[in-house]
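First up is the structure itself, then whatever we jot down about it.
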Amino acid sequence: MIIRLIIYLVLIYFAIKLIRGIFSPLQTKNKEAADETEEMVKDPECGIYIPEKDALVKKIKGERYSFCSDECYKKYKEKVR
Ligand SMILES: [Zn+2]
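Last residue of the sequence shown: number 73 in the working numbering, and the count goes up by one each step with no gaps.
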C-alpha cells in the first residue's frame, strides 16, 4: 500500500525532527557563531542583505555588484544601462 508507506515516511520525518529538536540548542549556538563571521552584502536592486557566499556576484561596467537572484541582476542591469 502506497498510502501506508507515505504515513510511515511522515512519521519518520517527525521522529527525526523531534530528535534534532533535542540537540538543537547546541546546533543553533554554532550556527549563530557562523553567521557572525559571515560577510553580508547588499543587493542594489531589492535592497536586501545576503550572505556573500550565497550572493550572485556580477560585473556591470567594471563595478562588482552582489545580487540575491538572477532576476535582480537583470533588472539592475537594465536600469544602469
Ligand atoms: Zn534582489
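Note that the Cβ used here is the ideal one computed from N, Cα and C, for glycine as well. A quick note: this is a predicted structure, and the numbers were derived from the prediction, not measured.
(message) I want to check one thing, is the minimum distance from the CB of D35 to the heavy atoms of ligand 1 below 7 Å?
(response) Flag set: Cβ of D35 near ligand 1.
(message) Using only the alpha-carbon positions, how far apart do E55 and S16 sit?
(response) Distance between the alpha carbons of E55 and S16: 41 Å.
(request) Would you please verify whether the beta carbon of I(-2) is less than 8 Å from any beta carbon of chain D? (result) The displayed structure is made up of one protein chain only, and chain D is not part of it.
(message) I want to know whether the stretch 33 to 43 touches the stretch 63 to 73 - three or more CB-CB distances under 8 Å.
(response) Segments in contact, yes.
(message) Using a 10 Å radius around the Cβ and a threshold of 16 neighbouring Cβ atoms, would you call Y5 buried or exposed?
(response) Y5 is classed as exposed because its beta carbon has fewer than 16 other beta carbons within 10 Å across all chains shown.
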